[in-house]
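Per the working numbering, the very first residue in the sequence shown carries number 222; after that it's consecutive.
Each residue gets a CB set at the ideal place from its N, CA and C atoms; glycine is no exception.
In this text the structure is predicted, and so the values were computed from the model without any measurement.
Worksheet: the structure to be examined is printed underneath.
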Amino acid sequence: MTANATPTPARALTVLLVSTLAFAVSFAAWMMFGVTGIPIRKELGLTGAEFGLLTATPILTGALLRLPFGIWTDRFGGRIVMTLLLTASAIPLWLSSYATQLWQFLAIGLALGMVGAVFAVGTPYVARFFPKNRGFAMGVFGAGVSGAAINMFVAPQLVNAFGWQSVPRVYAVSLLVVAALFWFIALPDPGKNANAASMRTQLRILRDPRVWKYCQYYSIVFGGFTALSIWMPQYFLNQYHFPIATAALMAACFSLPGGVLRAVGGWLSDRFGAHNVTWWVLWVAWVCLFLLSYPQTDLIIQTVRGPLAFHIGLPAWMFAALLFVLGVCFACGMASTFKYIGDDFPTNMGAVSGIVGMAGGLGGFLLPIMFGALLDVLGIPSSCFMLLYGIVWVSLILSYLTEVRRFPVMGAKAAG
């Protein structure tokens, strides 16, 4: 197929599936420290802030590289950029299994973090094969974030059986296998443009205030999803005293729907519009985070019959159920944000998706560090949810000021 030929639906579906596979495997590798960081933290005696930095370091590189990789995808095509990125990422991933000191983990983590830029490559590449059903296609491709759940299932088993060093080695080999599959199965990019505008020219899109608004949305739905995906295994381990395998499975209650149901978010965005989906997603997430923020509390009331003790706190099953709902919200929010981008910037999707993806990745980098710092200062495990609660509140205010005052919450665009 030539670069400008119209792909058949079957071939477009092939591109979507193999791209989603590449994204899922890449995301599992990107989230690796969420599980392997637990035994590493024990070995090195890390504080909460140091553990947050360890888990977040790969997120930083993945965030920063999303912008150039998105622009390179517009210029050279998604097939070649994706293949090279997957292959190059396997090298630092393998080397991380030999690290023994925190600075080594941080240095190698910066290098292996490039695998997180896969999303900025796949988003414009896949979108160009589905001009009429872009929201659904973005939702299916975005389901690759279920790699976070795959990591929760696979990594603990490898850690228990062969030690944490086996996880990066298995993931590195997996990336090379997927890179080979992608090269032979994926199709040439129908929208690549070797004469595309320079990076400086494309960055002029930053003058559009809508880009900054979408960055803020994505920093909470994707950044929050990424941060909680790597933070929740140790949360269940310390708060509910589960073994590492059980803690990871409980954490998958959040990361699995956050990935698998993203396609549903894409369909809803096509059906009801990106604004309506985003508005309701933020409200439901706000309620969930309010409940998750309440710390385990013991109360003693002095009565005429003596002291009466009460315990207020979420049991593990209810906590996991709320995380599940929150994961669904973030999944729909991620899909609706990129529906916004596809609708508003169809000719600059590589640059805009790179910018917005970078903002989401930076959120995923900063939040775990902030989680750890708050835990060290306050000593309250649920302080991570308190922080996210405040950020979602800011997003709701922004959405109201820029859109809700001018549009009905559900239905057609207001007249005038």
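Residue range of the alpha helix (DSSP H) that includes residue i
i: Gln378; result: Gly368 to Phe383
i: Ala400; result: Ser387 to Ile406
i: Ile441; result: Pro430 to Gln460
i: Val336; result: Val336 -> no alpha helix (DSSP H), and no H or E assigned at all.
i: Ile601; result: Neither: Ile601 is in no alpha helix (DSSP H) and is coded neither H nor E.
Beta strand (DSSP E) segment containing residue i, residue limits
i: Leu622; result: Neither: Leu622 is in no beta strand (DSSP E) and is coded neither H nor E.
i: Leu520; result: Thr518 to Thr524
i: Leu529; result: Gly527 to Ile533
Own chain residues within Cβ distance below 6 Å of residue i, not counting five before or after
i: Val481; result: Ala364 and Ser367
i: Ala311; result: Ala393, Leu396 and Leu397
i: Val442; result: Phe551, Gly554 and Met555
i: Phe340; result: Gly578
Counted within 10 angstroms of its Cβ, other Cβ atoms place residue i as buried (16 or more) or exposed
i: Ile329; result: buried
i: Met539; result: exposed
i: Phe405; result: exposed
i: Lys263; result: exposed
i: Thr447; result: buried
i: Ile522; result: exposed
i: Ile562; result: buried
i: Asn381; result: exposed
i: Asp491; result: buried
i: Ala530; result: exposed
i: Ile533; result: exposed
i: His462; result: exposed
i: Val256; result: buried
Pair within 8 Å by beta-carbon distance, residue i and residue j
i: Thr558; j: Thr623; result: no
i: Ala369; j: Met335; result: no
i: Ser318; j: Pro377; result: no
i: Leu397; j: Ser247; result: no
i: Ala407; j: Arg300; result: yes
i: Ala249; j: Pro589; result: no
i: Phe374; j: Pro478; result: no
i: Pro279; j: Trp251; result: yes
i: Arg425; j: Asp565; result: no
i: Ser514; j: Phe403; result: no
i: Phe254; j: Ile451; result: yes
i: Tyr438; j: Ser616; result: yes
Integer-rounded CB distance, given that residue j should sit under 8 Å from residue i
i: Gly486; j: Cys553; result: 3 Å
i: Gln455; j: Ile576; result: At roughly 31 Å, the Cβ-Cβ gap does not stay under 8 Å, so Gln455 and Ile576 are not in contact.
i: Phe244; j: Gly343; result: 5 Å
i: Ala472; j: Met453; result: 4 Å
Own chain residues within Cβ distance below 7 Å of residue i, not counting five before or after
i: Ala338; result: Gly283, Leu286, Arg287, Phe290 and Leu306
i: Thr241; result: Val361, Phe362, Ala364 and Gly365
i: Ser620; result: Thr499, Trp500 and Leu503
i: Leu265; result: Leu323
i: Phe639; result: The structure shown does not extend to residue 639, since the chain is modelled only from 222 to 637, so the question has no answer here.
Cut-off 8 Å between Cβ atoms - residues of its own chain near residue i, not counting five sequence neighbours on either side
i: Leu281; result: Leu331, Gly334, Gly582, Leu583 and Phe586
i: Ala594; result: Gly269, Ala270 and Gly273
Beta carbon proximity, residue i to chain D, threshold 8 Å
i: Ser440; result: Absent here is chain D; the protein component of the structure consists of one chain.
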